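In the working numbering, the protein residues as written are 6 to 171.
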């Protein structure tokens, strides 16, 4: 966003950006981002455009924001992330987009409720299944990375001990 703009102009642009996310207006979001709007800018309640897109069930807008670098760990003032709000409102399509965008699956809200607990409480078996599969996939990926690191160390350690370079 242009630093030469007045405070009121910046607030108007921020408001327009948030309304575009709330409406799922991908074209308006794209224009704002192309003009330099920070994808992680917040409104007066601490909500980001990604949180708004998830809250109002706009998966296409959410995809655009994720591609633009939206930080999916950010919480709004009540403690909800984009994933928490998508689950709470039963927006399975947005949950899928957020999972695919690597939203943190275990990040609780301020009350300590995790996305999986929230999906169970909402009796959303479809979302519970998506989350459980994603958690299992993430755990397997982390285990594979740990094994790869350990194998690498086993191979490199003798070389390093003999004066080799990493």
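Just so you know, even glycine gets a beta-carbon here, dropped at the ideal spot from N, CA and C. Treat the numbers as computed from the prediction; the structure is a model and nothing was measured.
Taking 8 Å as the threshold (C-beta atoms), are residue j and residue i in contact?
{"i": "residue 131", "j": "residue 97", "result": "yes"}
{"i": "residue 110", "j": "residue 77", "result": "no"}
{"i": "residue 87", "j": "residue 65", "result": "no"}
{"i": "residue 67", "j": "residue 58", "result": "yes"}
{"i": "residue 18", "j": "residue 42", "result": "yes"}
{"i": "residue 25", "j": "residue 37", "result": "yes"}
{"i": "residue 125", "j": "residue 133", "result": "yes"}
{"i": "residue 63", "j": "residue 20", "result": "no"}
{"i": "residue 123", "j": "residue 89", "result": "yes"}
Just reading off the alpha helix (DSSP H) that residue i is part of, what are its end residues?
{"i": "residue 16", "result": "12-28"}
{"i": "residue 49", "result": "No alpha helix (DSSP H) holds residue 49; DSSP gives it neither H nor E."}
{"i": "residue 98", "result": "97-105"}
{"i": "residue 125", "result": "120-126"}
{"i": "residue 64", "result": "64-72"}
{"i": "residue 93", "result": "87-93"}
{"i": "residue 31", "result": "31-39"}
{"i": "residue 57", "result": "54-60"}
Pop quiz: residue i and residue j are said to be a contact at Cβ under 8 Å. What is the actual Cβ separation, rounded to whole angstroms?
{"i": "residue 114", "j": "residue 84", "result": "4 Å"}
{"i": "residue 93", "j": "residue 127", "result": "7 Å"}
{"i": "residue 51", "j": "residue 81", "result": "4 Å"}
Relative to the alpha-carbon of residue i, which residue among the options has its alpha-carbon at the smallest distance?
{"i": "residue 138", "options": "101, 71, 11 and 39", "result": "101"}
{"i": "residue 71", "options": "42, 63, 39 and 106", "result": "106"}
{"i": "residue 103", "options": "38, 79 and 30", "result": "79"}
{"i": "residue 47", "options": "145, 140 and 22", "result": "22"}
{"i": "residue 35", "options": "53, 69 and 61", "result": "69"}
{"i": "residue 49", "options": "112, 147, 16 and 129", "result": "16"}
{"i": "residue 27", "options": "44, 60 and 142", "result": "60"}
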